[in-house]
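Enquirer:
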Amino acid sequence: MPTRRRPGHRGAPGPPAARRRPAARPIAGASIAGASIAVVIAVFIAVVALLLAGCSADDDQPVLIDGLSIGVLAGCGACDQPNTSDLCGACESLATIAARHLDKASPGHPAVIATAFYREGRYRQPNGELAIMTRSGSLTIAVVTFVDGTRHAIAVYCGVGGCRSLD
């Protein structure tokens, strides 16, 4: 069987005509399969976008109590004990400061059943972004829970001049 050479080609002859592969033929339903893949990809992208939007919408909502943004639990140890550290100076206990403020600001308030201490959280800005307030010193938020289940937040600031509650 004679072999054919490709025009302008020197060297080994090309494959015999009988062994050549036939040209690719369109597969029946190929356009449907391509459309199905496009739909799957579009649905996947839409689901991922919704999940990301849902996460950022739910996770980034600051918890506000009395206008104060509640952050993570304060890792300050015994916040209900006076601070006598040389690094911080003598300072009344945060709980004592918060209780005195509460009694002054809300005389006759319901009985307090629990007090928890938090770092200040982020605040939503007018443009929708979340921002952290910066200041010298530290701000701890005492959240008191009353016997009726309501809560009240008290900001206790500790800085160069000692610790005090903020109105």
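According to the working numbering, the stretch in the sequence shown is residues 179 to 345, in order.
All C-beta atoms, glycine included, are put in the ideal place defined by N, C-alpha and C.
If you're wondering where the values come from, they're calculated on a predicted model, not measured in any experiment.
What is the DSSP secondary structure of threonine 328, reduced to helix, strand or coil?
Expert: Residue 328 sits at position 150 when you count from the first residue of the sequence shown. Correct three-state label for threonine 328: coil.
Enquirer: Which residues in the same chain as alanine 309 place their Cβ atom closer than 7 Å to its Cβ, once the five residues preceding and following it in sequence are excluded?
Expert: Translated into positions along the sequence shown, residue 309 becomes position 131. Same-chain partners within the cutoff: Arg300, Tyr301 and Gln303.
Enquirer: Specify, as a first and last residue, the run of the alpha helix (DSSP H) that arginine 313 falls within.
Expert: If you number the sequence shown from 1, residue 313 lands on position 135. No alpha helix (DSSP H) contains arginine 313, which DSSP labels as neither H nor E.
Enquirer: Ordered along the chain, which non-local residues of its own chain (more than five positions away) have a Cβ less than 7 Å from that of methionine 311?
Expert: Residue mapping note: residue 311 aligns to position 133 of the sequence shown, counting from 1. Cβ within range, chain order: Glu298 and Tyr301.
Enquirer: Going by C-alpha distance, which of Phe324, Asn305 and Val221 is nearest aspartate 281?
Expert: Within the sequence shown, residue 281 is the residue found at index 103, counting from 1. Selected option, being the one with the closest Cα: Phe324.
Enquirer: Give the straight-line distance between the Cα atoms of alanine 276 and glutamine 239, rounded to the nearest whole angstrom.
Expert: Here the question's residue 276 lines up with position 98 in the sequence shown. Here the question's residue 239 lines up with position 61 in the sequence shown. C-alpha separation (whole angstroms): 26 Å.
Enquirer: Please work out which residues of its chain come closer than 7 Å, Cβ to Cβ, to aspartate 244, disregarding the five sequence neighbours upstream and downstream, and give them in chain order.
Expert: Position 66 of the sequence shown, counted from the first residue, corresponds to residue 244. Around aspartate 244: His330 and Ala331.
Enquirer: So which of Ile319, Val322, Ala320 and Gly315 has the shortest CA-CA distance to cysteine 336?
Expert: Taking the sequence shown and counting its residues from 1, the one referred to as residue 336 is at position 158. Checking every option, the nearest Cα to that of cysteine 336 belongs to Gly315.
Enquirer: Go through its chain and collect everything with a Cβ distance to isoleucine 291's Cβ below 8 Å, but skip five positions before and after it.
Expert: Position 113 of the sequence shown holds residue 291. Thr323, Phe324 and Val325.
Enquirer: If you run the structure through DSSP and keep just helix, strand and coil, what is valine 221?
Expert: Sequence index remark: in the sequence shown, residue 221 carries index 43 (1-based). Helix, per DSSP.
Enquirer: Note down, in chain order, each residue of its chain lying with its Cβ closer than 8 Å to the Cβ of proline 288, except the 5 sequence neighbours on either side.
Expert: The count along the sequence shown starts at 1 and reaches residue 288 at position 110. So the qualifying residues of the chain are Phe324, Val325, Asp326 and Thr328.
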